[in-house]
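*Asks:* Structure in structure tokens, see below.
Numbering (our numbering), first residue to last: 2 to 377.
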């Protein structure tokens, strides 16, 4: 096992959004320095970093220089070119390794890896070009969901196909490139498990988090989804299997569909902290960002125990309207915490922050979080 990377060292973050910002908050609290690299300037992460490098992810000269100046490299989102991770690995440990990034940023590679590990997913077929659609639809049937193979998020890059849909037009609408056709899942709920794996292979998780979406964007996350113990343990077994199969060092979020019949199917993987795990900042002794820092630095993982029932709601650009939100009104409930991401311009659908609330139980926490957002 490699020597731990101790406080005083420098963490290099590829990407500079709100996930990097919250990782930087954990790192600064523990005495680490932070460098970030992205094409943006005055970014959410850059506002807190010791150094903000402005460069494209395919600028390997800049990536090399960046990696030389840090002690470990990690990611705050997965749409970084694999070549950047491979380049950085020549000069500093990259955690999770670039191969994890390569697998999870492409839906076909991801589903192939899950299948290889024996993990249940929705049925799927590869679609390289329009000529493949007829055969794929014959196998999957309708309704189905056609998704770009790479670089899709928050519902972007996907379209539903019904019996009356022109499949070629559907493929064109998402770019016409390589895609995956998935069987439509009539799910009862969506949930996720955020987990961390250390350099020694130890795995810790934050339990099942129930997720509710609005227009394909996460809207509400509620900790400790009530599932029968055997069903929950099956989810955690899948989480451990995936972490070990991919040899993850760091944080990984596994998103699940819970079908009407009670089966858990893996939908997607995210090799980083996740929007649904933001509630861990207040709710757990070690948040998902603390765990990412601990894992990539080779330190022992922290406690994931829940302090109290908790829920989170996202704050999108539309909550700003034509004036600043009424923060004082939202904070009248002492159980509420507000996190803002330092983004200069509010736009519809853009994640600007989140609200976390504690409660007597899951429902009370959820209603408190929603009420605080409504008060804005």
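Idealized CB from N, CA, C, for every residue including glycine. All figures in this text were calculated on a predicted structure; none of them were measured in a lab.
1) Using beta-carbon positions only, say whether residue 22 and residue 40 come within less than 7 Å of one another.
2) Cβ of residue 224 within 6 Å of any heavy atom in the ligand ADP?
3) Could you give the first and the last residue of the continuous beta strand (DSSP E) run that contains residue 315?
4) Straight-line CA distance for residue 306 to residue 220?
5) What number of angstroms, rounded off, separates the C-alpha of residue 200 from the C-alpha of residue 99?
6) Confirm, please, whether the CB-CB distance from residue 122 to residue 266 is below 7 Å.
7) Identify whether residue 30 lies in helix, strand or coil by the three-state DSSP scheme.
8) Identify, in the order they occur along the chain, each residue of the same chain with its Cβ nearer than 6 Å to the Cβ of residue 208, setting aside the five sequence neighbours on each side.
9) Should residue 348 be labelled buried (16 or more other beta-carbon atoms within 10 Å of its own) or exposed?
10) Which of the three DSSP states, helix, strand or coil, is assigned to residue 1?
11) Just checking my contact of residue 377 with residue 338 at CB under 8 Å: how many whole Å lie between their CB atoms?
12) Quick check: what's the CA-CA separation for residue 147 versus residue 77?
13) According to DSSP, which residues form a beta bridge with residue 78?
14) Given 8 Å as the limit, is there contact between the region 158 to 178 and the region 128 to 148, that is, 3 or more CB pairs closer than that?
15) Just how far apart, CA to CA, sit residue 49 and residue 14?
16) Looking at residue 312: is its Cβ nearer than 7 Å to the Cβ of residue 223?
17) Under 7 Å between the Cβ atoms of residue 195 and residue 97?
18) Helix, strand or coil: which one does DSSP assign to residue 143?
19) Candidates 229, 309, 9 and 268: which alpha carbon is nearest residue 363's?
20) My assumption, with CB atoms under 8 Å, is that residue 120 sits in contact with residue 244. Please give the rounded CB distance.
21) Which residue comes first and which comes last in the beta strand (DSSP E) that contains residue 268?
22) Suppose the cutoff is 6 Å on Cβ atoms and the five residues either side in sequence are ignored; what does the same chain contact list for residue 379 look like?
23) Since residue 291 is in the alpha helix (DSSP H), which residue starts that stretch and which ends it?
*Replies:* For this structure:
1) no
2) Questions concerning the ligand ADP fall outside what the structure shown contains, since it holds no ligand whatsoever.
3) 311 to 317
4) Using only the alpha carbons, I get a separation of about 24 Å.
5) 15 Å
6) yes
7) Residue 30: helix per DSSP, three-state reduction.
8) 225
9) exposed
10) In this structure the chain extends from 2 to 377, so residue 1 is not present and cannot be described.
11) Wrong, their Cβ atoms sit about 14 Å apart, outside the cutoff.
12) 26 Å
13) None; residue 78 has no bridge partner.
14) yes
15) Cα-Cα distance, rounded: 12 Å.
16) yes
17) no
18) DSSP, reduced to helix, strand and coil, places residue 143 outside both helices and strands of the structure shown, so it counts as coil.
19) 309
20) For a cut-off of 8 Å, the C-beta gap from residue 120 to residue 244 is around 11 Å, too long to register as a contact.
21) 265 to 271
22) Look at the range of the chain in this structure, 2 to 377, and you will see that residue 379 is not part of it.
23) 289 to 297
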